[in-house]
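A.B. asks: There's a structure below that I have some questions on.
In the numbering used here, the protein residues as written are 112 to 275.
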C-alpha cells in the first residue's frame, strides 16, 4: 500500500489564511493579552449543551439531543462557510489585492465545499439513530444551538458596530 503524506492540519491552514489576510502571524495574536472571550463563551455553551444532553436523564434521549445539536451546527456551517468564502473574495478584490496580499484560500475553500457533506452525514445519523418519538428533543437541541449562536453573533455585531 502506498503511503500518502498527511496534508496540513486545520490549525496550519487557518494560520496561513489569517496571516495572508492580515499580514500578521497568528501566534502573535494568540500570545496577546486579549482573549477571544465570545468564542470561548460559545464553545463553553456548546459543550455544556451537548455533554449534558440537554438535561435529559435517558441516555438515548441524551444521544438524540447531541445529534440534534450537531445537525444544527452542520446545517448552519454549510451556509456560513459559503458566505464567509464569498465575503472574503469580495474583501480580497476590494482591499487585499490593492494591498499586495496573496490570500491562502485553501482553509475557506475546504470548509465551504465540505460542510454540505457534513450536513448530509448529520441528517443521515439523525435518521438512523434518533427515534421518531424524540422529534421534540431534536427541536429542543436545535433551538439551544440557535440561542447559543445568536448570542455569539450579537456579540460580534456589537464589536463591528463599536458598541462592545
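Even glycine gets a Cβ: it sits at the ideal position worked out from N, Cα and C. All of these numbers come straight from a predicted model, not from anything done at the bench.
(1) Where residue 230 and residue 239 are concerned, what is the direct C-alpha to C-alpha distance, given to the nearest angstrom?
(2) Report buried or exposed for residue 265, applying the criterion of at least 16 other Cβ atoms within 10 angstroms of its Cβ.
(3) For the candidate residues 216, 227, 253, 191, whose alpha-carbon lies nearest to that of residue 126?
(4) Within 10 angstroms of the Cβ of residue 218, are there 16 or more other Cβ atoms? Answer buried if so, exposed if not.
(5) To the nearest whole angstrom, what separates the beta carbons of residue 226 and residue 192, a pair I think is in contact under 8 Å?
(6) Could you pull the start and end residues of the alpha helix (DSSP H) that residue 233 belongs to?
(7) Look up residue 135 in the DSSP assignment and say whether it is helix, strand or coil.
(8) With DSSP run on the structure shown, which of helix, strand or coil describes residue 273?
(9) Going by DSSP in three states, residue 166 sits in which element: helix, strand or coil?
(10) Give a yes or no on whether the C-beta atoms belonging to residue 212 and residue 273 are separated by under 9 Å.
(11) Just checking my contact of residue 202 with residue 180 at CB under 8 Å: how many whole Å lie between their CB atoms?
(12) Less than 6 Å between C-beta atoms, sequence neighbours within five positions excluded: which residues of the same chain meet that for residue 253?
(13) Rounded to the nearest angstrom, what separates residue 249 and residue 270 at their Cα positions?
(14) I'd like to know whether the C-beta atoms of residue 245 and residue 150 end up nearer to each other than 9 Å.
C.D. replies: With the structure as the only source:
(1) 14 Å
(2) exposed
(3) Ranked by how close their Cα comes to the Cα of residue 126, the residues 216, 227, 253, 191 have 216 in first place.
(4) buried
(5) That pair is a contact at about 5 Å.
(6) 217 to 240
(7) Coil at residue 135, not helix or strand.
(8) coil
(9) helix
(10) Contact check for residue 212 against residue 273 fails: the beta carbons are separated by 9 Å or more.
(11) Their Cβ separation, rounded to whole angstroms, is 31 Å, which puts residue 202 and residue 180 out of contact at 8 Å.
(12) 179, 183
(13) 32 Å
(14) no
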